[in-house]
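Student: To start, I am sharing the structure in question, which I have written as structure tokens.
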Amino acid sequence: MVETALKSPRISFVSLGCPKALVDSERIVTRLRAEGYELTKTHAGADLVIVNTCGFLDSAKAESLSAIGEALAENGKVVVTGCMGAEPEQITAAHPGVLAVTGPQQYESVLAAVHEAVPPKHDPFLDLVPDQGVKLTPRHYAYLKISEGCSNRCTFCIIPKLRGDLVSRPAGEVLREAEKLVKAGVKELLVISQDTSAYGQDLRYAPSLWKGAEGEKEVATRFLDLAAALADLGAWVRLHYVYPYPHVDAVMELMAAGKVLPYLDIPFQHASPTVLRRMKRPASQEKTLARIQAWRSAVPDLTLRSTFIVGFPGETEAEFQELLDFMEEAEIDRAGAFKFEPVAGAVANGLDNPVPDEVKAERYDRFMRTQQKVSARRLKRKVGTRQQVIIDAVTPTGAIGRTKGDAPDIDGTVKVASRRPLRVGEIATVKIEAAGPYDLSGTAVGF
Ligand code: SF4
2 MVETALKSPR ISFVSLGCPK ALVDSERIVT RLRAEGYELT KTHAGADLVI VNTCGFLDSA
62 KAESLSAIGE ALAENGKVVV TGCMGAEPEQ ITAAHPGVLA VTGPQQYESV LAAVHEAVPP
122 KHDPFLDLVP DQGVKLTPRH YAYLKISEGC SNRCTFCIIP KLRGDLVSRP AGEVLREAEK
182 LVKAGVKELL VISQDTSAYG QDLRYAPSLW KGAEGEKEVA TRFLDLAAAL ADLGAWVRLH
242 YVYPYPHVDA VMELMAAGKV LPYLDIPFQH ASPTVLRRMK RPASQEKTLA RIQAWRSAVP
302 DLTLRSTFIV GFPGETEAEF QELLDFMEEA EIDRAGAFKF EPVAGAVANG LDNPVPDEVK
362 AERYDRFMRT QQKVSARRLK RKVGTRQQVI IDAVTPTGAI GRTKGDAPDI DGTVKVASRR
422 PLRVGEIATV KIEAAGPYDL SGTAVGF
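Terminal number for the sequence shown in this note's numbering: 448, no gaps in between.
Written out as structure tokens, the structure reads:
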């Protein structure tokens, strides 16, 4: 009897989409755990399923709809949230049985829907939540979301429609969250947003109070100031979703000094100035290649990761070739590509001269072949060097980890042989002995 009265309601959580959606999921999960809900790994044993959807591309929408269908079939009680929730009719048309649909970042509405379907049984003594919240990523790395929304208007993207204009979190608030994470054992902070280089523009870079190791001081809500203050926390700091604006040059100093990881994730999307103009990309007027070359001479081990769209409406063979040339000349270490897909509500859908599917497929293959070649060439240079490797998983013969040039999930890995057992989250020095197109292997020589 007593056991039943105290039994916590169980929630199964499906998190789809990008790292930004993952941060939303973490917030919802933290709140649920604070209220005494438990998480379960299977839909069947849960009292309710929450599906955090992605609505960026039509293929992501299809994946979201099928995840909702699975949850309905296996459990029956389903609450939907996330980007696709901004267009609830699409979800209810396919799955009229869902209990509620809420949009991105509508944490309160998700919780209200959960409370209604499965009321909480909160016991403050049993359900304490760690101060740093509940992370869905392994404990040694965590995503740090520094802003919501985006004030750019790229023609292929509906994120500003879904999430609104840029809203930055004051620097002091971000730093306090980062400090808690580091105190809780996080060794790597992955800074994310829609446009990290624009951080603080909406707040006119207002300073906010932060009590760091050297006492209380003011930190401006600005990309460079935040990166420098994060670096002082002592964890690896990795910057994602940065655009090549001139003010980004200054971050190279932090990288050269070993404070911020020599890694930049810049979603270029294309290299041809005419395509970039049709895409209305931020920083499309900048002299990107020259800028990258200057960065590389300041920080020789800089890793550049990017994403590109092939087959954007009107893309000619010559424009596509400009993209391939850029990949080679800029030596983009890591890159993913998408074949252009119209996203409901995006301006680009109405542009002239759509590229036929077979041309898109052929360009995609050529892009990936070029990318593989560049990646293999860049990795080969690491053979014989010693690299700091953060351990993500332990295997019977050693471990799997990542160099400073590899973000979790999207980049490559290092297979590490080791005489002594390695621990997850440990940073080891590894002598690199072999390189493939995407991954490295080597032996731990320092711990
Ligand atoms: S920068 Fe462009 S692609 Fe990225 S979220 Fe903003 S509008 Fe979308």
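All residues carry an ideal CB built from backbone N, CA and C; glycine is no exception. Just so it is clear, the structure is predicted and the values come from calculations on it, not from any experiment.
Can you list, in chain order, the stretches of the alpha helix (DSSP H) that have 4 or more residues and sit fully within the region 168-242?
Tutor: List check, alpha helix (DSSP H) in window: 172-184, 224-232.
Student: Below 8 angstroms between beta carbons: does that hold for Leu17 and Val30?
Tutor: In the sequence shown, the residue the question calls residue 17 occupies position 16. In the sequence shown, the residue the question calls residue 30 occupies position 29. In this structure, Val30 does not lie closer than 8 angstroms to Leu17 by Cβ.
Student: Quick check: does the Cβ of Pro161 come within less than 7 angstroms of any heavy atom belonging to the ligand SF4?
Tutor: Along the sequence shown, read from residue 1 onward, the residue named residue 161 stands at position 160. Yes, Cβ of Pro161 sits closer than 7 angstroms to a heavy atom of the ligand SF4.
Student: With a threshold of 7 angstroms on Cβ separation, who are the neighbours of Ser194 within its own chain once the five nearest residues in sequence on each side are excluded?
Tutor: What you label residue 194 is simply residue 193 of the sequence shown in a count that begins at 1. Excluding residues within five positions, the ones whose Cβ falls inside 7 angstroms are Lys146, Ile147, Ser148, Tyr200, Tyr242.
Student: Per DSSP, Gly447 is paired with what?
Tutor: Here residue 447 refers to the residue found at position 446 when the sequence shown is read from its first residue. Note: Gly447 sits in a beta bridge opposite Thr430.
Student: For Ala349 and Phe157, which I take to be in contact (beta-carbon distance under 8 angstroms), what is that distance rounded to the nearest angstrom?
Tutor: Sequence index remark: in the sequence shown, residue 349 carries index 348 (1-based). Sequence index remark: in the sequence shown, residue 157 carries index 156 (1-based). Between Phe157 and Ala349 the Cβ distance is about 4 angstroms, and since that is below 8 angstroms, they are a contact.
Student: May I ask which residues mark the beginning and end of the alpha helix (DSSP H) holding Gln91?
Tutor: Start at 1 with the first residue of the sequence shown, and residue 91 comes out as number 90. 89-95 is the extent of the alpha helix (DSSP H) around Gln91.
Student: When the Cα atoms are used, what is the spatial distance from Val356 to Met369?
Tutor: In the sequence shown, counting from the first residue as 1, residue 356 sits at position 355. In the sequence shown, counting from the first residue as 1, residue 369 sits at position 368. Between Val356 and Met369, the C-alpha separation is close to 18 angstroms.
Student: Is any heavy atom in the ligand SF4 found nearer than 7 angstroms to the beta carbon of Cys55?
Tutor: Position 54 of the sequence shown, counting from 1, holds the residue named residue 55. It does not: the Cβ of Cys55 is nowhere closer than 7 angstroms to a heavy atom of the ligand SF4.
Student: Given a threshold of 16 other Cβ atoms within 10 Å of its Cβ, counted over all protein chains shown, does Asn354 qualify as buried or as exposed?
Tutor: What you label residue 354 is simply residue 353 of the sequence shown in a count that begins at 1. When all chains shown are included, Asn354 counts as exposed.
Student: Quick check on DSSP: helix, strand or coil for Leu352?
Tutor: One-based indexing of the sequence shown puts residue 352 at position 351. It is coil, neither helix nor strand.
Student: Are the region 243-263 and the region 296-314 in contact at 8 angstroms, needing three or more beta carbon pairs?
Tutor: Enough Cβ pairs lie closer than 8 angstroms, so yes.
Student: In or out: Lys405 buried (at least 16 other Cβ within 10 Å) or exposed?
Tutor: Here residue 405 refers to the residue found at position 404 when the sequence shown is read from its first residue. Result: buried.
Student: Going by alpha carbons, who is nearest to Arg28 out of His44, Ala94, Ser110, Leu66?
Tutor: Counted from its first residue, the sequence shown places residue 28 at position 27. The shortest Cα separation from Arg28 among His44, Ala94, Ser110, Leu66 belongs to Ser110.
Student: For Cys155, is the beta carbon positioned less than 7 angstroms from some heavy atom of the ligand SF4?
Tutor: Within the sequence shown, the letter at position 154 stands for residue 155. Because some heavy atom of the ligand SF4 lies under 7 angstroms away, the Cβ of Cys155 counts as near it: yes.
Student: Just tell me which of Leu73, Lys288, Leu66 has its CA closest to the CA of Ala45.
Tutor: Looking up residue 45 in the sequence shown gives position 44. Selected option, being the one with the closest Cα: Leu73.
Student: Skipping 5 residues on each side, what residues in its chain have a beta carbon closer than 7 angstroms to that of Arg170?
Tutor: By one-based count along the sequence shown, residue 170 stands at place 169. Around Arg170: Ile147, Ser148.
Student: Using a Cβ distance threshold of 8 angstroms, determine whether the region 406-422 contacts the region 174-181, with at least three qualifying pairs required.
Tutor: No, because fewer than three Cβ pairs between the region 406-422 and the region 174-181 fall closer than 8 angstroms, the two stretches do not touch.
Student: For the alpha helix (DSSP H) containing Val24, name the first residue and the last one.
Tutor: Along the sequence shown, one-based indexing puts residue 24 at 23. Looking at the DSSP string, the run of the alpha helix (DSSP H) that includes Val24 is 20-35.
Student: Give the DSSP bridge partners of Lys416, in chain order.
Tutor: Working through the sequence shown from its first residue, we reach residue 416 at position 415. Note: Lys416 sits in a beta bridge opposite Ile401, Ser442.
Student: Using the Cα positions of Arg387 and Glu316, report the straight-line distance between them to the nearest angstrom.
Tutor: Walking along the sequence shown from the start, residue 387 turns up at place 386. Walking along the sequence shown from the start, residue 316 turns up at place 315. Near 42 angstroms, if we compare the C-alpha coordinates of Glu316 and Arg387.
Student: Under the three-state reduction of DSSP, which class applies to Ser152: helix, strand or coil?
Tutor: To locate residue 152, count along the sequence shown from 1; it is residue 151. Coil, per DSSP.
Student: What number of angstroms, rounded off, separates the C-alpha of Glu75 from the C-alpha of Gly173?
Tutor: Indexing the sequence shown from 1 puts residue 75 at position 74. Indexing the sequence shown from 1 puts residue 173 at position 172. So the two alpha carbons sit approximately 43 angstroms from each other.
Student: At a cut-off of 7 angstroms, would you count Gln195 as near the ligand SF4, judging by its Cβ distance to the nearest heavy atom?
Tutor: On the sequence shown, position 194 is the one that residue 195 refers to. Gln195: yes, Cβ under 7 angstroms from the ligand SF4.
Student: Could you work out which residue in Glu90, Pro314, Arg223, Pro343 is closest to Val175 when comparing CA atoms only?
Tutor: One-based indexing of the sequence shown puts residue 175 at position 174. Ranking the options by Cα distance to Val175, first place goes to Arg223.
Student: Have a look at Pro20, Lys136, Val99, Lys21 and flag the residue whose alpha-carbon is nearest the alpha-carbon of Arg32.
Tutor: Against the sequence shown, residue 32 aligns to sequence position 31. For Arg32, the nearest C-alpha among the options comes from Lys136.
Student: Do Phe321 and Arg364 have their beta-carbon atoms positioned less than 8 angstroms apart in this structure?
Tutor: As a position in the sequence shown, residue 364 is number 363, starting the count at 1. As a position in the sequence shown, residue 321 is number 320, starting the count at 1. For Arg364 and Phe321, yes; Cβs fall inside 8 angstroms.
Student: Let's test the definition: count the other Cβ atoms within 10 Å of the Cβ of Thr93 and tell me whether it reaches 16, buried, or not, exposed.
Tutor: Working through the sequence shown from its first residue, we reach residue 93 at position 92. Exposed, because fewer than 16 other Cβ atoms sit within 10 Å of the Cβ of Thr93.
Student: Leaving out five residues on either side along the sequence, give the residues of the same chain with a beta carbon under 6 angstroms from the beta carbon of Ser13.
Tutor: Numbered from 1 along the sequence shown, position 12 holds the residue referred to as residue 13. Closer than 6 angstroms at Cβ, skipping near neighbours: Thr41, His44, Ala47, Val50.
Student: If you compare alpha carbons, which of Ile391, Lys8, Gln202, Arg378 is closest to Pro121?
Tutor: Indexing the sequence shown from 1 puts residue 121 at position 120. Checking every option, the nearest Cα to that of Pro121 belongs to Lys8.
Student: Going by CA-CA distance only, name the one from Pro343, Gly351, Ser307, Cys155 that's closest to Glu332.
Tutor: Your numbering for residue 332 matches position 331 in the sequence shown. Selected option, being the one with the closest Cα: Ser307.
Student: Buried or exposed: which applies to Lys21, given that a residue is buried once 16 or more other Cβ atoms fall within 10 Å of its Cβ?
Tutor: Within the sequence shown, numbered from 1, the residue matching residue 21 stands at position 20. With 16 or more other Cβ atoms within 10 Å, it is buried.
Student: Taking 8 angstroms as the cut-off, decide whether the C-beta atoms of Phe309 and Leu324 are in contact.
Tutor: As a working note, residue 309 is residue 308 in the sequence shown. As a working note, residue 324 is residue 323 in the sequence shown. Yes, the Cβ-Cβ distance between Phe309 and Leu324 is below 8 angstroms.
Student: Buried or exposed for Ala338, please, with buried defined as at least 16 other CB atoms from any protein chain shown within 10 angstroms of its CB.
Tutor: Locating residue 338 in the sequence shown gives position 337, where the first residue counts as 1. Ala338 comes out buried.
Student: Which of the three DSSP states, helix, strand or coil, is assigned to Ser110?
Tutor: As a working note, residue 110 is residue 109 in the sequence shown. Of the three classes helix, strand and coil, the one that applies to Ser110 here is helix, per DSSP.
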